[in-house]
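Notes follow once the structure below has been shown.
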Amino acid sequence: MAGYILKRLLSAIPVLIGISVIVFLIMAMIPGDPATAILGSYATPENVAALNEDLGLDEPLVTRYFIWLSNMVQGDFGRSFALNRPVLDEVLERFGATLVLAGTAFVLCSVFGIAAGVISAANQYGFGDKAITFVVLLGISIPSFFLGMMMILIFAVNLRWFPVSGMWPIFGDRTIWVLLDHLAMPAIALAVVATGVVARLSRSAMLEVLRQDFIRTARAKGVRENSVIWRHALRAAMVSIIPVLGIQAGFVLSGAVYIEMVFQWPGVGRMLVDAILRRDILLVQGGVVFIAACYVLFNIAVDVAQSLLDPRIKT
Amino acid sequence: MSNFLRLLARNKLALGGLIVMGIVIFFALITPLLPLADPNVTNTADRFQPVFSEGALLGTDHLGRDLLSRLMWGTRLSLAVGFAAAIIAATIGAAIGIIAGYYGGRTDNIIMRGVDMLMAFPYILLALAIVAALGPGLLNALIAVAAVNIPFFARNIRGITVGIANKEFVDAARLAGKSDASIILSEVLPNVIPVIVIAMSTTIGWMILETAGLSFLGLGSQPPVADLGSMLGEARSALITNPHTSIVPGMMILIIVMAINLLGDGVRDALDPRLKSGALSRPMPATRVDRKGPIPEAEGDDLLALRGLETQFHVKDRVYKAVGGVDLNVRPGECLGLIGESGSGKSVTALSVMGLVASPPGVITGGAVYFEGEDLVGAPYSKLRRMRGKRVAYIFQDPLATLHPLYTIGDQLIEAVSCHRPIGKSEGRAHAVELLRQVRIPNAEKRVDSYPHELSGGMRQRVGIAMALANDPEVIIADEPTTALDVTVQAQVLTLLDDLRREKGLAILFITHDFGVVAQLCDRVAVMYAGRIVEQGPTDAILNAPAHPYTSKLMACVPELGEGRRRLEAIPGLPPVVDKLPDGCAFADRCHVATDACRRGEIPLDPLSDKRRVRCIHPVSDPATEAAQ
Amino acid sequence: MSFLNLSRRAALALTAAAAVALGGLSPATAQTPPGVLVVGQIAEPQALDPHAVTAVNDFRILMNVYDGLVRYASGTLEVEPALATDWTISDDGTVYTFTLREGVSFHDGSPFNAEAVVFNFERMLNEDHPFHDTGPFPLSFFFSSVDSVEATGDMEVTFTLSEPYAPFLSNLAYPTGLIVSPAAVEQYGADFGRNPSGTGAFRFEEWRSNEAVVVVANPDYWDGAPALEAVVFRPITDANTRTAEMLAGGIDVMVEVPPVALGEFEGDAFTIHEQAGPHVWFLILNALEGPFADVRVRQAANYAVNREAIVNDVLEGTAEVAAGPTPPAFAWAYNDELEPYPYDPDRARELLAEAGMENPEITFYVTEGGSGMLDPIAMGTAIQADLEAVGFDVTIETYEWNTFLGRVNPGLEGEADMAEMAWMTNDPDTLPYLALRTAAWPDQGGFNSGYYSNPEVDALLEEARTATDQDRRAELYREMQVIVQEDAPWVFVANWVQNAVTNDRVEGFGLEPSFFLLLHDVAKN
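Residue numbers (our numbering), protein chains in the order written: chain L, 11 to 325; chain C, 40 to 668; chain Z, -5 to 519.
Shown next as structure tokens:
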């Protein structure tokens, strides 16, 4: 197992280097530069050139890439032009917030998606199945940003059940309850689509499994139906659900961009959108490489989980 | 194609989606012809008119533009972009996937690494960066959305292609000297297209959402042109004051994407061959019971007695009479063989006993199953469950499929006990080891932690038997337990069963299609054909002198030890389809002694001698003559 | 059936969880404490180093943490003493000598004196200064005419200019002229922007990334301790969310209220504040080539745009119709006799006919948003509709702000015929000098992206910049406005009336024509 993990980690390195090249090239291709962004209305070509020189952007592209890469390997992600602080500090701080939001949404979508899929499959064509199928369909069809806007309008502005935005209140203690209060709406809005996808997949995976012979065996043994569904069938269905959870994690992370914008969540997605708009090159590059690395690691973790779950997979 | 449309139309939800999409597309197409206000003419004095205002059915937006008109034009644009993005992504993604999957090796490796890279890139940021690089505009948003979705298609299609590229017909085409390009186009592509269509139909909705998302961020269509996303984006600042300007495009997106998703599901269901064969349905915990006629009374003191058991399969509007009134009985310590061809209904009979026939589509429509005088068919599920495995246990064919692949055999053995009585961890383990010893699995302490795939077929079958024995049941129903095994192992398993029967006084109902097996193990035998018992009696008597022509034909197929197995193809013709059973004897069409009388009325199971019964009006009197013919 | 039980159990658990979430948690709309003002900002500040930033959004914080040598008197754009108590200007207008206020300390405890002032300007202007690398200082060209800064006494500073430069005092009152603590710069270096120290009414307390910047009262403030205990600046980039927060009580003050949301704040619970400022929103017309090379077509565009509808309907009265290049907020330099172009589509069509161009094709650059751009997409769309109504054939191209600037500032030649633009300035000199002179064409480093050229205007602007007498300057600017309006290098559209909303707990709040947010006199119950 350790050897397998090591092998996977090593094979992630070229992927990450590739990503660093892609993001570097994209940022180099985007018209406009940080100097224009910083100078705003005062960005004359003259001022822009002078400022770009100050920022070290007048070097040739290849030189810039290797300087960046070698610094990054040593743990120095550079400084954000716009925020005037080290990229890594900003990314880590913001990534924490995203992790709380996307992590919660991921847990919600996994738990509720799988539960909905299982209940739906177990009651196939029954009322519960139809109701869940309908809600799930609604869930995967609604744009998350629209849902978020509507939730703010209804639950925050009109009913005042939840705070409108932000992660922490400005005043008072930072308790877990306060966090949950702020987290509820954005996490749900973010989780809805993924929950739908997971539920649909879980349902069909469960239906597939429930027709298998070993389910009949379990029933013939006199296993209680709950145990047949949740222990026997779900365990086997997880083999095809887990890879989808891995993909959904990526979607949730990406979808967080909209939700972070609508709910003013201080996360890394919104940071990167702002950074792209401000041409904050180093922040975009560092942030993307960091997120991609996390995603790659997460996928390795998914594969490891998969092999732990399924003894038939040789590692 | 027409088959596909028929399947699609049969799915009510998909039909609903199709109708909604049809309406939306119809209106989108004729939008230019409708007497709508110009979508881009502003009239700022009449801004934010509410819904149902005069002259503006859905009201007006922040610049006083007619929302209905903008909605229609916007829908038109959003649909076009969504479809275009899906087609572009599918085409390019499929091309990449096919190339990677077909050529394999280094090409595959390099391409898939690239795909991995793109997938590790947060897709919205990638789209955002692409739009930032190309400049805003709906066309560029389309390119971005298509681009970020290419990896998903590529990965999907590659998997399918790898499977196809290794198929014989592709090898054959290669040997025939066809070029790679023509193999891809003529052999691979046609097999991949359904998958592409399925992937596309399930992602168009997603594409429309994503395009709307980019437009929402202001990176899509250029003002004053509306698409649904940009309408939502522009209306957002007025969300609190004039929510209708947001709700109108928001709901439209919801409706379109919902309809597309319903339709997409329908397309997938109609195209997916696994689903085509029968609705993907899961069996309920117990077979449905719907007994029309009177319930036969229990007779005698048999341990297990089937009386007039009828089990049918209801598929759509067809009714398959798998079991058409079967009477069987087993006493303690006795082994009853139930023999017949595949599809004769013997397995369904066996499964009906404990309500294990998959339902839907199975339904028990008549008769009774008496266990110690109590009717199991009418018993509530909870009672049935308590008896399953504890008093009546099953051994199934093909133990690789019938054992749970992800639990150790020890866990599965312990569970067989623990679902009937609480059992401690160490006690359970000891019991499991003991059970494995009973079925003569060597090295049981170690084997108990093995997974089914780590064992050989014979070992797995022994585990299946051990599991049946776990609770010391009174009856074991063995459904072709030796069919998947080779002959030596088969013999070992039969010996084992026979020993156990004698040691424990078990009653065994043994289902097989093989007289050799019957001869070895069974006291009595019942021969089944087309859902009914055609002959029944002591094994020796029937083996020596089969009375029913079917029995004698069947016996002609007895494999001799060492000669391998022979199949029942020796009997000319095929068994009748059980949804169209003929009048009279179901075997008449394959029988060389059949007369007109055989094809009329109900032929009863008449006593032939003291212990024998046969359902035939021309029973074979002299087995020797029969064999000679 | 057992699953039914299970799903019922799940539903129960869910309901219970929801009940906890809804009822069990702290009330979502906890009142903000008295004495602490929560301000809804439009974005996260870039830095709290006044020399390093350019955005009005950042200025709103900085003006409360720092002081300059001079400041704008409340409600005007006239300078008055701040950290300098007095100053003299040499007769030729090139030597400014400031007497500094005694007994002022920076928040970090270091003293404010002439050396500190010299440090500030040397840091920005002198590339050899040891702390010049803590920049960049994008607006240092405000002081490009400064030849030298010297401490001519412990509490006296002398600036020598290379040539007379009338806007100098006004520029000193701008955030770029705010004085930072040299000790803090020495301590934090490039991180000074996150650890600011000034002499202002509020002391920096904490910066929680993307959540809040907190400043607390400076009890030793030379102009009297502020009434508030603390101010919290919350960045809420989404205007809609900002409105929702204001309605829900999460913020006390909201700046830049979206026009469409103003209706929500009518009533006693809120007060809407308005203040016109030195802002002008205009369309740059490409006078070098294409249809707008003809002055009649440029005038036709001015007649065709319905400014009244834009300011009253699209902007809901958050702007006033602009008559010329100089905003009325520069009261002393504004020409009151200037009448805006009337909305006259017929006249526009006539002019187009005269010019022989009934249906000129035009490419129109629109931005998605940016400093002072108000509601650029809606406005651009309305303008496009108006122009189409008189015969123009307009194609809009939208760019996000930085790309937009990257396209517009190098000049419209070969790219577009028309572009949106807005400027907020502190002196009537700035905008016309940078954007209307022949010598300010993009290739010469200016912002005259439409290539307008009129030697008469060039001469007037040069003279106004070097004249030391304000009355004379005013006369020159008024003359310039008449000529420029007639030449129509721009379509003059609107002057922003800045707005803000406060809730009923806030007292003493007022907006400034400078667009700064000054909270020294504000109180909250």
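Ideal Cβ positions, reconstructed from N, Cα and C, are used throughout, including at glycine.
> Mapping DSSP to helix, strand and coil, what is VAL262(L)?
Replying inline: Residue 262(L) sits at position 252 when you count from the first residue of the first sequence. Helix.
> For THR227(L), does the three-state DSSP call read helix, strand or coil?
Replying inline: By 1-based counting over the first sequence, the position of residue 227(L) is 217. In this structure, DSSP gives THR227(L) a helical state, which the three-state scheme calls helix.
>> Could you check whether HIS242(L) and VAL233(L) sit closer than 8 Å to each other, using their CB atoms as the reference points?
In response: Numbered from 1 along the first sequence, position 223 holds the residue referred to as residue 233(L). Numbered from 1 along the first sequence, position 232 holds the residue referred to as residue 242(L). Cβ distance < 8 Å, so VAL233(L) and HIS242(L) count as in contact.
>> Please tell me whether MET474(Z) and PRO436(Z) are closer than 8 Å, where the distance is taken between their beta carbons.
In response: Within the third sequence, numbered from 1, the residue matching residue 474(Z) stands at position 480. Within the third sequence, numbered from 1, the residue matching residue 436(Z) stands at position 442. No, the Cβ-Cβ distance between MET474(Z) and PRO436(Z) is not below 8 Å.
>> Between which residues of its own chain and VAL101(L) is the CB-CB distance below 8 Å, once the five residues before and five after are set aside?
In response: To locate residue 101(L), count along the first sequence from 1; it is residue 91. By the criterion of a C-beta distance shorter than 8 Å, VAL101(L) is surrounded in its chain by PHE87, VAL278, MET281, LEU293, GLY296, GLY297 and PHE300, once the five residues flanking it on both sides are discounted.
> Under 8 Å between the Cβ atoms of HIS101(C) and VAL254(Z)?
Replying inline: Translated into the one-based positions of the second sequence, residue 101(C) becomes position 62. Translated into the one-based positions of the third sequence, residue 254(Z) becomes position 260. Yes, Cβ-Cβ distance for HIS101(C) and VAL254(Z) is below 8 Å.
>> I want to see whether chain Z comes within less than 8 Å of ALA166(C), judged by CB atoms only; does it?
In response: Reading the second sequence from its first residue, position 127 is the one you call residue 166(C). Using a CB distance cut-off of 8 Å, ALA166(C) does not count as an interface residue toward chain Z.
> Listing by chain order, which chain D residues have their CB less than 7 Å from the CB of LEU512(Z)?
Replying inline: No chain D appears in this structure, whose protein chains are L, C and Z.
> Contact between the segment 219 to 231 of chain L and the segment 434 to 443 of chain C: three or more CB pairs below 8 Å?
Replying inline: Contact between the segment 219 to 231 of chain L and the segment 434 to 443 of chain C is present: three or more C-beta pairs spanning the two stretches fall below 8 Å.
>> What does the Cβ neighbour count give for PRO449(Z), buried or exposed, with the cut at 16 atoms within 10 Å?
In response: One-based indexing of the third sequence puts residue 449(Z) at position 455. By the neighbour-count rule (16 or more Cβ atoms within 10 Å), PRO449(Z) is not buried but exposed.
> What do you reckon, are the CB atoms on GLY56(C) and LEU302(C) nearer than 8 Å?
Replying inline: Position 17 of the second sequence, counted from the first residue, corresponds to residue 56(C). Position 263 of the second sequence, counted from the first residue, corresponds to residue 302(C). The beta carbons of GLY56(C) and LEU302(C) sit closer together than 8 Å.
> Which residue's Cα is closest to the Cα of GLN222(L): GLN261(C), LEU258(C), VAL396(C) and THR388(C)?
Replying inline: Position 212 of the first sequence, counted from the first residue, corresponds to residue 222(L). Considering only GLN261(C), LEU258(C), VAL396(C) and THR388(C), the residue with the shortest C-alpha distance to GLN222(L) is VAL396(C).
> If you draw a straight line from the C-alpha of ILE36(Z) to the C-alpha of LEU406(Z), how long is it?
Replying inline: Within the third sequence, the letter at position 42 stands for residue 36(Z). Within the third sequence, the letter at position 412 stands for residue 406(Z). It is roughly 30 Å from the alpha-carbon of ILE36(Z) to the alpha-carbon of LEU406(Z).
>> Output needed in chain order: residues of the segment 153 to 165 of chain L with a Cβ under 7 Å from some Cβ in chain C.
In response: For the segment 153 to 165 of chain L, the set of positions with a beta-carbon nearer than 7 Å to some beta-carbon of chain C reads PRO153, PHE155, PHE156, MET159 and LEU163 in chain order.
> How should ASN280(Z) be labelled, buried or exposed, when 16 other C-beta atoms within 10 angstroms of its C-beta is the threshold for buried?
Replying inline: Reading the third sequence from its first residue, position 286 is the one you call residue 280(Z). Residue burial is scored here from C-beta neighbours: ASN280(Z) has at least 16 other C-beta atoms within 10 angstroms and is therefore classed as buried.
> Taking the alpha-carbon positions, what's the ASP246(Z) to ASP266(C) distance?
Replying inline: Here residue 246(Z) corresponds to residue number 252 of the third sequence, with the count starting at 1. Here residue 266(C) corresponds to residue number 227 of the second sequence, with the count starting at 1. A straight line joining the alpha-carbon of ASP246(Z) with that of ASP266(C) spans about 36 Å.
>> Beta-carbon within less than 6 Å of VAL402(C)'s beta-carbon, same chain only, minus the 5 sequence neighbours each way: which residues are those?
In response: Within the second sequence, residue 402(C) is the residue found at index 363, counting from 1. If we look at VAL402(C) and ignore the five residues flanking it on each side, its Cβ neighbours are ARG327, ASP329, GLN351 and HIS353.
> Taking the alpha-carbon positions, what's the PRO687(C) to ALA389(C) distance?
Replying inline: Any property of residue 687(C) remains undetermined from this structure, which presents chain C solely from 40 to 668.
>> Using only the alpha-carbon positions, how far apart do VAL306(L) and ALA22(L) sit?
In response: As a first step, residue 306(L) must be located in the first sequence, where it is residue number 296. As a first step, residue 22(L) must be located in the first sequence, where it is residue number 12. C-alpha separation (whole angstroms): 7 Å.
> alpha helix (DSSP H) containing LYS51(C): first to last residue?
Replying inline: As a position in the second sequence, residue 51(C) is number 12, starting the count at 1. Per DSSP, the unbroken alpha helix (DSSP H) holding LYS51(C) starts and ends at 51 to 69.
> In terms of residues, what are the limits of the alpha helix (DSSP H) holding THR205(L)?
Replying inline: In the first sequence, counting from the first residue as 1, residue 205(L) sits at position 195. Looking at the DSSP string, the run of the alpha helix (DSSP H) that includes THR205(L) is 186 to 220.
>> Please tell me whether CYS458(C) has its Cβ less than 8 Å away from any Cβ of chain L.
In response: Counting from 1 along the second sequence, the entry for residue 458(C) is found at position 419. Chain L, which has a Cβ nearer than 8 Å to the Cβ of CYS458(C), makes this yes.
>> Using the three-state DSSP reduction, which class does LYS518(Z) fall into: helix, strand or coil?
In response: Taking the first residue of the third sequence as 1, we reach residue 518(Z) at position 524. LYS518(Z): strand per DSSP, three-state reduction.
> Between which two residues does the beta strand (DSSP E) carrying ASP100(C) extend?
Replying inline: Here the question's residue 100(C) lines up with position 61 in the second sequence. For ASP100(C), no beta strand (DSSP E) segment is defined, and its DSSP state is neither H nor E.
> Are the Cβ atoms of LEU511(Z) and VAL249(Z) separated by less than 8 Å?
Replying inline: Mapped onto the third sequence, residue 511(Z) falls at position 517. Mapped onto the third sequence, residue 249(Z) falls at position 255. Going by C-beta atoms, LEU511(Z) is nearer than 8 Å to VAL249(Z).
> What separation, rounded to the nearest whole angstrom, lies between the Cα atoms of GLY384(C) and TYR433(C)?
Replying inline: Your numbering for residue 384(C) matches position 345 in the second sequence. Your numbering for residue 433(C) matches position 394 in the second sequence. Computed Cα separation, rounded: 17 Å.
> So with Cβ pairs under 8 Å, would you call PRO173(L) a contact of chain Z?
Replying inline: What you label residue 173(L) is simply residue 163 of the first sequence in a count that begins at 1. Taking 8 Å as the CB threshold, PRO173(L) lines the interface with chain Z.
>> Suppose you measure from the CA of GLU602(C) to the CA of TRP240(L); what does that come to, to the nearest Å?
In response: Working through the second sequence from its first residue, we reach residue 602(C) at position 563. Working through the first sequence from its first residue, we reach residue 240(L) at position 230. Bear in mind that a pLDDT of 47 at GLU602(C), under 50, signals an unreliable position, so the model cannot answer this.
> Thinking just about the alpha-carbon of each residue, which of GLU310(Z), PRO354(Z) and ASN396(Z) is nearest to the one in GLY103(C)?
Replying inline: As a working mapping, residue 103(C) is identified with position 64 in the second sequence. Looking at the Cα atoms, GLU310(Z) is the closest of the given residues.
> Do GLY257(Z) and ASN58(Z) have their C-beta atoms within less than 8 Å of each other?
Replying inline: Translated into positions along the third sequence, residue 257(Z) becomes position 263. Translated into positions along the third sequence, residue 58(Z) becomes position 64. In this structure, ASN58(Z) does not lie closer than 8 Å to GLY257(Z) by Cβ.
> From ALA22(Z) to TYR268(L), what does the alpha carbon distance come to, in whole angstroms?
Replying inline: Within the third sequence, the letter at position 28 stands for residue 22(Z). Within the first sequence, the letter at position 258 stands for residue 268(L). Because the pLDDT of ALA22(Z) is 41, which lies under 50, any placement of that residue in the model is unreliable, and the number read from its coordinates should be weighed accordingly. Inter-residue distance for ALA22(Z) and TYR268(L) is about 23 Å (C-alpha atoms, whole angstroms).
> Among LEU474(C), PRO262(C), HIS587(C) and GLU93(C), which residue has its Cα nearest to the Cα of GLN500(C)?
Replying inline: Indexing the second sequence from 1 puts residue 500(C) at position 461. Shortest Cα-Cα distance from GLN500(C) to any of LEU474(C), PRO262(C), HIS587(C) and GLU93(C) involves LEU474(C).
>> Going by beta-carbon coordinates alone, are PHE186(Z) and ALA178(Z) separated by less than 8 Å?
In response: Your numbering for residue 186(Z) matches position 192 in the third sequence. Your numbering for residue 178(Z) matches position 184 in the third sequence. Contact flag set, yes.
> Since PRO276(L) meets chain Z, which of its residues come closer than 7 Å, beta carbon to beta carbon?
Replying inline: Taking the first residue of the first sequence as position 1, residue 276(L) is located at position 266. Going along chain Z in sequence order, the residues near PRO276(L) (Cβ under 7 Å) are SER203, ASN204 and GLU205.
>> Are the CB atoms of LEU445(C) and LEU319(L) within a distance shorter than 8 Å?
In response: For the purposes of this step, residue 319(L) is taken as the residue at position 309 of the first sequence. For the purposes of this step, residue 445(C) is taken as the residue at position 406 of the second sequence. With a cutoff of 8 Å on beta-carbon distance, LEU319(L) and LEU445(C) are scored as near each other.
> If we cut at 8 Å on Cβ distances, does GLN492(Z) have a partner in chain L?
Replying inline: On the third sequence, position 498 is the one that residue 492(Z) refers to. So no, GLN492(Z) is outside the interface.
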